[in-house]
Amino acid sequence: MTTDRKTLLSGFMPWRTSTPETTKATAAASNELTRAEPALRPKGDDMNEHIVKSYEDELALLDRKIAQMGGLAEHILAQSFDAIERRDPKLAEQVVKADKQIDQLEREIEEQVISMIARRQPLANDLRHVMAALRVTGDLERIGDLAKNIAKRALAIAHESHPKPLMTGMRHMGDLALAQLKEVLDAYAARNADRALAVWRSDEQIDSMYNSLFRELLTYMMEDPRSIGLSTHLLFGAKNIERVGDHTTNIAETVHFLVRGVNIADDRPKSDDTSSTLFSKS
Amino acid sequence: MLNVEPSSLQRATAQAPHLQEPKVVAKDVSVYYGEKRALFDVSVNIPDRGVMAFIGPSGCGKSTFLRCINRMNDTIPICRVTGKITIENEDIYDPSLDVVQLRARVGMVFQKPNPFPKSIYENVAYGPRIHGLSSSKAELDEIVQKSLERAALWKEVKDRLNDPGTGLSGGQQQRLCIARAVAVNPEVILMDEPCSALDPIATAKIEELIDELKQNFCIIIVTHSMQQAARVSQRTAFFHLGVIVEEGNTEEIFQNPTDKRTQDYITGRFG
Amino acid sequence: MAVETAPMTPDSALSASRKNEAIRARIKRRYSAERRFRAYGIAAILFGLAFLVALFSTIFARGYTAFQQSTFTLSVVLDQAAFGSSAPTPSELRMADYTKIANRAIQQALGVDPNNKADARAAADLLSQNADTQIRKIVTADPSLVGQTVKVDVLAHGNVDSLLKGQFDRSVAESRRKLSDKQLGWLDRAIESGILTKKFNTGLFTYGASSKPETAGVGVALVGSLYMMTIVLLVAVPLGVAAAVYLEEFAPKNFITDTIEVNINNLAAVPSIVFGLLGLAIFINFMGIPRSASLVGGLVLALMTLPTIIIATRAAVSAVPPSIREAALGVGASKMQSITHHVLPLAVPGILTGTIIGLAKALGETAPLLMIGMVAFVVEYPSTPMDAATALPVQIYMWATAAERGFVERTAGATLILLAFLVVMNVTAVILRRRYERRW
Numbered sequence: 002m003t004t005d006r007k008t009l010l011s012g013f014m015p016w017r018t019s020t021p022e023t024t025k026a027t028a029a030a031s032n033e034l035t036r037a038e039p040a041l042r043p044k045g046d047d048m049n050e051h052i053v054k055s056y057e058d059e060l061a062l063l064d065r066k067i068a069q070m071g072g073l074a075e076h077i078l079a080q081s082f083d084a085i086e087r088r089d090p091k092l093a094e095q096v097v098k099a100d101k102q103i104d105q106l107e108r109e110i111e112e113q114v115i116s117m118i119a120r121r122q123p124l125a126n127d128l129r130h131v132m133a134a135l136r137v138t139g140d141l142e143r144i145g146d147l148a149k150n151i152a153k154r155a156l157a158i159a160h161e162s163h164p165k166p167l168m169t170g171m172r173h174m175g176d177l178a179l180a181q182l183k184e185v186l187d188a189y190a191a192r193n194a195d196r197a198l199a200v201w202r203s204d205e206q207i208d209s210m211y212n213s214l215f216r217e218l219l220t221y222m223m224e225d226p227r228s229i230g231l232s233t234h235l236l237f238g239a240k241n242i243e244r245v246g247d248h249t250t251n252i253a254e255t256v257h258f259l260v261r262g263v264n265i266a267d268d269r270p271k272s273d274d275t276s277s278t279l280f281s282k283s
Numbered sequence: 125m126l127n128v129e130p131s132s133l134q135r136a137t138a139q140a141p142h143l144q145e146p147k148v149v150a151k152d153v154s155v156y157y158g159e160k161r162a163l164f165d166v167s168v169n170i171p172d173r174g175v176m177a178f179i180g181p182s183g184c185g186k187s188t189f190l191r192c193i194n195r196m197n198d199t200i201p202i203c204r205v206t207g208k209i210t211i212e213n214e215d216i217y218d219p220s221l222d223v224v225q226l227r228a229r230v231g232m233v234f235q236k237p238n239p240f241p242k243s244i245y246e247n248v249a250y251g252p253r254i255h256g257l258s259s260s261k262a263e264l265d266e267i268v269q270k271s272l273e274r275a276a277l278w279k280e281v282k283d284r285l286n287d288p289g290t291g292l293s294g295g296q297q298q299r300l301c302i303a304r305a306v307a308v309n310p311e312v313i314l315m316d317e318p319c320s321a322l323d324p325i326a327t328a329k330i331e332e333l334i335d336e337l338k339q340n341f342c343i344i345i346v347t348h349s350m351q352q353a354a355r356v357s358q359r360t361a362f363f364h365l366g367v368i369v370e371e372g373n374t375e376e377i378f379q380n381p382t383d384k385r386t387q388d389y390i391t392g393r394f395g
Numbered sequence: 033m034a035v036e037t038a039p040m041t042p043d044s045a046l047s048a049s050r051k052n053e054a055i056r057a058r059i060k061r062r063y064s065a066e067r068r069f070r071a072y073g074i075a076a077i078l079f080g081l082a083f084l085v086a087l088f089s090t091i092f093a094r095g096y097t098a099f100q101q102s103t104f105t106l107s108v109v110l111d112q113a114a115f116g117s118s119a120p121t122p123s124e125l126r127m128a129d130y131t132k133i134a135n136r137a138i139q140q141a142l143g144v145d146p147n148n149k150a151d152a153r154a155a156a157d158l159l160s161q162n163a164d165t166q167i168r169k170i171v172t173a174d175p176s177l178v179g180q181t182v183k184v185d186v187l188a189h190g191n192v193d194s195l196l197k198g199q200f201d202r203s204v205a206e207s208r209r210k211l212s213d214k215q216l217g218w219l220d221r222a223i224e225s226g227i228l229t230k231k232f233n234t235g236l237f238t239y240g241a242s243s244k245p246e247t248a249g250v251g252v253a254l255v256g257s258l259y260m261m262t263i264v265l266l267v268a269v270p271l272g273v274a275a276a277v278y279l280e281e282f283a284p285k286n287f288i289t290d291t292i293e294v295n296i297n298n299l300a301a302v303p304s305i306v307f308g309l310l311g312l313a314i315f316i317n318f319m320g321i322p323r324s325a326s327l328v329g330g331l332v333l334a335l336m337t338l339p340t341i342i343i344a345t346r347a348a349v350s351a352v353p354p355s356i357r358e359a360a361l362g363v364g365a366s367k368m369q370s371i372t373h374h375v376l377p378l379a380v381p382g383i384l385t386g387t388i389i390g391l392a393k394a395l396g397e398t399a400p401l402l403m404i405g406m407v408a409f410v411v412e413y414p415s416t417p418m419d420a421a422t423a424l425p426v427q428i429y430m431w432a433t434a435a436e437r438g439f440v441e442r443t444a445g446a447t448l449i450l451l452a453f454l455v456v457m458n459v460t461a462v463i464l465r466r467r468y469e470r471r472w
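Chains as they are written, first to last, in the working numbering: chain H, 2 to 283; chain X, 125 to 395; chain P, 33 to 472.
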């Protein structure tokens, strides 16, 4: 099973073989795929194999697909950041295209989950496994959509000048979101609830970064009304990144549920107060 | 159903069985067949008005334990039971307690439908008759009708009460057996894999019946079907090699068992 | 993961076809072995059937004539002179010389001159020696017949009977024949005129022991057998069923019960003559019950049947599925109730079958009865089981040793009667089993 994995992955991920303009982020994302490989054998050492071999195979396939989907989501998210930063319409279009692949994978996983529930009636950790797969898939699909959305905004503002400080802020936020996503996918692959919990806690950082970016953009727009168009696009981009963070925490919650069998008990720390800062004029 | 947050499900069901006094309490029950020990210090509390499921691989002792509760094991000469089982704080292994009296309080439904080779009426009337629960024919008729109604069989057989019980279909026979058990108005009903010989529709009918009966009886069911245990029971105990490995609310057992053996068994990973 | 499928090389294809050939050859051998085995089975059955047919046909061929008896239909003159008065007293009726009346009647019928002493004697010899009893019976039953001439069926002598049944060889020299030429002539004429005919032999069923074949019957033996069967039924069935139920349901499994079980099974295989010895020692010598009494015979046969009934009952009881017992116990029946209400009713067909088979075996048993002196020449019907009696198979045995020609067919005829009883009993067993057999 281990031998045919590379060929299988290369079929799904053409960028693994040819990396034309890999930035740091996409390279990291590709690395992530390599690291995500343990997900192909998610059963810990303490887990016996199923008596029904095909059941085992199906569960493994589910994880493999999620790993692929996660890798893909990371990849296009990084690409969408690059597209905004470098004002690269071509890259942005690639992202839009790649999102279709994610949607396709989501459909496949959904179908498989439904068929497994119908045929195998999974119980206990298998049930959580299948349900987690469904939830993670949903979140990843949304992250793909958000990446696509960011890419579209990159297309829209491709020909405008980008104010440096704002772009740096965006980039930071994006990198953080990407790192979180990577981490949570790792946690999923490794079935590590503690790491997931850490991701879940640190979403606060993204929220606060979004807060400050929000304020900054507001100030910027007030100072220079001509930049309202650009700023709005950037604002939505930032919002999308913040949403990616939310989906990442969702995945973290799912991982926690998958491993421990219970939902995270306490409320998540929240720092997004932008909904109440609309009229604040510092 | 599955999308409901597990924690809220747990909260909803966790309280009910715990709050009330348990109906059947087993403490350190061990069973020996000659030299061989079949049960090792089994202790469990079984709540009233609910369904308790025993699951576990074959030969794990779940049926043996079930048969301790109405002392059916007494019929096996080499079988020896130690420990204490009480029903409503009354020790059922007390020498002064009459085992026939006990079995009137603890009804039993068996794996294979086993109606007497007599008429449907006689099958149901047998228990009340030997226990003298009715003083007249009219009273007996009423008991029979009520029992058959409770077993959801009355509509199907009311016009042929004098037909042999063995002429019914498997599912009907099993419901007849349930009616027979219900007729003596027991407190506890033991069911030893009641659906293992039935088709899915008949099984569903029995499960629906169990759901009804749990309003009035304490039901203990041994089953090999995990799904069935998950469907009908509120609490589940997992037996393995003569011990209760894990016992708890059914949702918990089937969603997030704490013991690895339970997990392996219910997910089909037993080595 | 990938399924290893070795490519089909010409070499392996060759070996595959060779394998197929080997398989085909083996299948052929297997089929022929099966056919051979079936043929052996059929041959064995045919062999057994052939013997059965031979047995039945010989018995039937020899025995069916016993159900007919040659009878003279005579006009008997009940002359008042023979009785002393027109209204004779009972003692006069009894004492009258019926032999003379009978003889006169036959002489008249054959047209023989009563004054020719030799001829008169020869004619009288054609009648059964029991003829006088037959006429007496008619007259004592209806004294008003005195003074009249009545038509009476009188048994012919055994020799005449043989003649009518074609068992008489006329070619033998007259001096060595039992019937002279003259007698044969009379008889031929009698047959022609219709006064000598074969009639259904009711006497076979009603008469007791007799030294004359034409007046010998199994009536007394039947009554004796009936007494004994009743005793067997009353003694062996309750004892056997009780013992079997105890052993099967209540007895603990230990060395003692195991020993008892083994011994019951052995007892069933003990030669029946041993039971006869036992009966002789215990019932007659020790308990002082009279010899030849059907009570003794019944008790001995009951002892002999007991193991059969116990074994059959145990089998029937243990064949009742445990689920029925469990069901009964489950609703709170006591052990006793579960047995009497459920187990025994379900075991009844088996018990009945075992009982009837046991009875049939007892009915056909001879050896133990010989030991307790039931080989008696009993003429009178036994009125109680304490009276001397004989049994059907013993009667057959006794006739088989008798010398007279007429007893040969009686032996076979009685055997047929015995066989008929056995068949009836076995059929009853089958019917009962069918009737009471229930599904569970």
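For every residue, glycine included, the Cβ atom is placed at its ideal position computed from N, Cα and C.
According to the neighbour-count rule (16 or more other Cβ atoms, all chains shown, within 10 Å of its Cβ), is residue i buried or exposed?
i              : result
P141 (chain X) : Unreliable positioning characterises P141 (chain X) in this predicted model, as indicated by a pLDDT of 46, which lies under 50. The coordinate reading is nonetheless provided below. Buried, since its Cβ has 16 or more Cβ neighbours within 10 Å.
F237 (chain P) : exposed
E184 (chain H) : buried
N297 (chain P) : exposed
M457 (chain P) : buried
E280 (chain P) : buried
R385 (chain X) : buried
Restricting to Cα atoms, I'd like to know which of the options is closest to residue i.
i              : options                        : result
K236 (chain X) : P:L310, P:E358, P:S366, P:T121 : P:E358
I103 (chain H) : H:Q69, H:E224, H:W201          : H:Q69
H160 (chain H) : H:E243, H:E86, H:F237          : H:E86
K213 (chain X) : X:Q358, X:F178, X:E145         : Just to set this straight, residue 213 (chain X) is Asn in the shown sequence, not Lys. Taking only the C-alpha atoms, the option nearest N213 (chain X) is X:E145.
Q139 (chain P) : P:A155, P:A150, P:I292, P:R126 : P:A155
Y56 (chain H)  : H:V131, H:A197, H:F237, H:S228 : H:V131
I202 (chain X) : X:Y217, X:T290, X:A162         : X:A162
N162 (chain P) : P:F104, P:G390, P:L87          : P:F104
Would you mind reading off the limits of the beta strand (DSSP E) that contains residue i?
i              : result
G174 (chain X) : 174-179
N373 (chain X) : 367-373
H364 (chain X) : 359-364
A481 (chain P) : Because chain P here runs from 33 to 472, residue 481 (chain P) falls outside it and cannot be looked at.
K500 (chain P) : Residue 500 (chain P) lies beyond the range of chain P shown here (33 to 472); nothing can be said about it.
D165 (chain X) : 160-171
What residues of chain P sit near residue i, judged by a beta carbon separation below 8 angstroms?
i              : result
H255 (chain X) : G364
State the start and end residues of the unbroken alpha helix (DSSP H) segment that holds residue i.
i              : result
N298 (chain P) : 287-299
N212 (chain H) : 194-224
I112 (chain X) : What is shown of chain X runs 125 to 395, which leaves residue 112 (chain X) out entirely.
A328 (chain X) : 324-337
At a CB-CB cut-off below 7 angstroms, which residues of chain X make contact with residue i?
i              : result
P284 (chain P) : P201
Could you list which residues in chain X have their beta carbon closer than 9 angstroms to that of residue i, in chain order?
i              : result
E358 (chain P) : M196, T199, M232, F234, N238
Which residues in chain X sit within 8 angstroms of residue i, going by Cβ to Cβ distance?
i              : result
S355 (chain P) : F234, K236, N238
L361 (chain P) : M196, T199, R227
Name, please, each residue of chain P whose Cβ falls closer than 7 angstroms to the Cβ of residue i.
i              : result
R304 (chain X) : V363
The region 237-257 of chain P touching the region 423-436 of chain P, judged by at least three CB pairs closer than 8 angstroms
Segments in contact, yes.
Take every Cβ of the region 176-188 of chain X, pair it with every Cβ of the region 353-368 of chain X, and state whether three or more of those distances are shorter than 8 angstroms.
Under the Cβ criterion (8 angstroms, minimum of three pairs), the region 176-188 of chain X counts as touching the region 353-368 of chain X.
Cβ contact check for the region 376-389 of chain P and the region 343-356 of chain P: 3 or more pairs under 8 angstroms:
The region 376-389 of chain P, when compared against the region 343-356 of chain P, does touch it at the 8 angstroms Cβ threshold.
Do the region 99-114 of chain H and the region 59-75 of chain H touch if we need at least three Cβ pairs shorter than 8 angstroms?
Using a C-beta cut-off of 8 angstroms, the region 99-114 of chain H makes contact with the region 59-75 of chain H, since at least three inter-stretch Cβ pairs fall below that distance.
Would you call the region 295-310 of chain X and the region 355-372 of chain P touching, i.e. three or more CB-CB distances under 8 angstroms?
Three or more Cβ pairs drawn from the region 295-310 of chain X and the region 355-372 of chain P lie within less than 8 angstroms of each other, which places the two stretches in contact.
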